[in-house]
Amino acid sequence: MASIAKTVVATGVSSGLGFEAIKQLLQQSQSYKVILGARNIPNTQEAFDGLKFDRAANTVSILPLDLSDLKGVKSFAEQTLANLGEEKIDYLLLNAGITNSAQKPGPHGSKWCESYIVNHLSQHYLVHLLREKLVESQSRIVFVSSGAIRNVPKVGVLDSHLKGGSGVDGGTIYCETKFVQFLGAHWWRRQLGRTNHVVAVSPGLIPGTGLGRGNGMVLSSSMPDAKTVPEGAQSILEAFTRNDFPKDKDRIFLTSWGEWWEKSVYRNTLDKSLQDKWCPSKEEIEREEGISS
-11 MASIAKTVVA TGVSSGLGFE AIKQLLQQSQ SYKVILGARN IPNTQEAFDG
39 LKFDRAANTV SILPLDLSDL KGVKSFAEQT LANLGEEKID YLLLNAGITN
89 SAQKPGPHGS KWCESYIVNH LSQHYLVHLL REKLVESQSR IVFVSSGAIR
139 NVPKVGVLDS HLKGGSGVDG GTIYCETKFV QFLGAHWWRR QLGRTNHVVA
189 VSPGLIPGTG LGRGNGMVLS SSMPDAKTVP EGAQSILEAF TRNDFPKDKD
239 RIFLTSWGEW WEKSVYRNTL DKSLQDKWCP SKEEIEREEG ISS
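For what it's worth, this note's numbering labels the leading residue of the sequence shown as -11, then goes sequentially.
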């Protein structure tokens, strides 16, 4: 007897680590309905067409999504909800990440640099847009994070660094935007903790994903603790199924070696006022970014 399909809504899975995670998911005995966003739909469709999985039990729907365009994020959310109808969302996977510097002005007239919008603001906005369905579904929300969140010694510089045209290098911007994304994971855990599980997970150091292409950063498989793409994908998928949540609700970070990090590792992300500052409301985002409600 075929299992009832579970629904996954995902960003950042058209290639690399995210693509591998969905590939592994589709090879499980559990059936899945996957709705994913992609900038290049023909290439993404070709990649998924090339996978071997049970197409009678699993479905993959690809919708247009450019995470640097918040208006496009809203359109993706609307199309996703229309696609779902009365069906629920079992998992929301927020995997997109880029390492571009803040040399250029913000995209689409935004005051923020592209990496901030892609790595945090667009994902935060998408959760807002899907919030009612997520609560109704009691979905698990998975933020793909990074150990780089530890490399932000001064939070006071974020306002200036993350603006478009600030000139800050891509390595620094990546750490700072993943730090802010993790603030967002904490914030959503506070908002939705009674109905939803929120997990931040690190896939580990994964050379070969193309993550550093935005700033020339080169990752090598000879680096200490380097993992393969399939291993990193397995770490992400572990966040889908782990139910041994710590009693301390602030311990939401699952490491690539399968441990829940002690919150002393990321103490400076626990400041609720800082979380609130970097997690604007849906209305604030739409007002600032010129998105019609």
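Cβ atoms here follow ideal geometry from the backbone N, Cα and C, with glycine treated the same way.
Remark: C-beta atoms of residue 131 and residue 69 do not approach each other more closely than 7 angstroms.
DSSP, reduced to helix, strand and coil, places residue 50 within a strand of the structure shown. By the CB criterion at 7 angstroms, residue 187 and residue 227 fall inside the cutoff. For residue 176, the number of other beta carbons within 10 angstroms of its own is at least 16, and it is reported as buried. Note on residue 117: 16 or more other CB atoms within 10 angstroms of its CB, so buried under the neighbour-count rule. If you draw a straight line from the Cα of residue 184 to the Cα of residue 2, it is about 26 angstroms long. By the neighbour-count criterion, in which 16 or more other beta carbons inside 10 Å mark a residue as buried, residue 191 falls on the buried side. Three or more beta-carbon pairs separated by less than 8 angstroms are not found between the stretch 46 to 60 and the stretch 135 to 150, which leaves the two stretches without contact. The way I'd put it, the stretch 158 to 171 doesn't touch the stretch 217 to 236; fewer than three beta-carbon pairs between them come closer than 8 angstroms. Secondary structure at residue 58: helix, using DSSP grouped into helix, strand and coil. DSSP lists 23, 80 as the beta-bridge partner residues of residue -3. In this structure, 113 is the residue among 113, 55, 157 with its C-alpha nearest to the C-alpha of residue 274.
DSSP places residue 233 in the coil class of the three-state scheme, outside both helix and strand. Here residue 245 is exposed, its C-beta having fewer than 16 other C-beta atoms within 10 Å.
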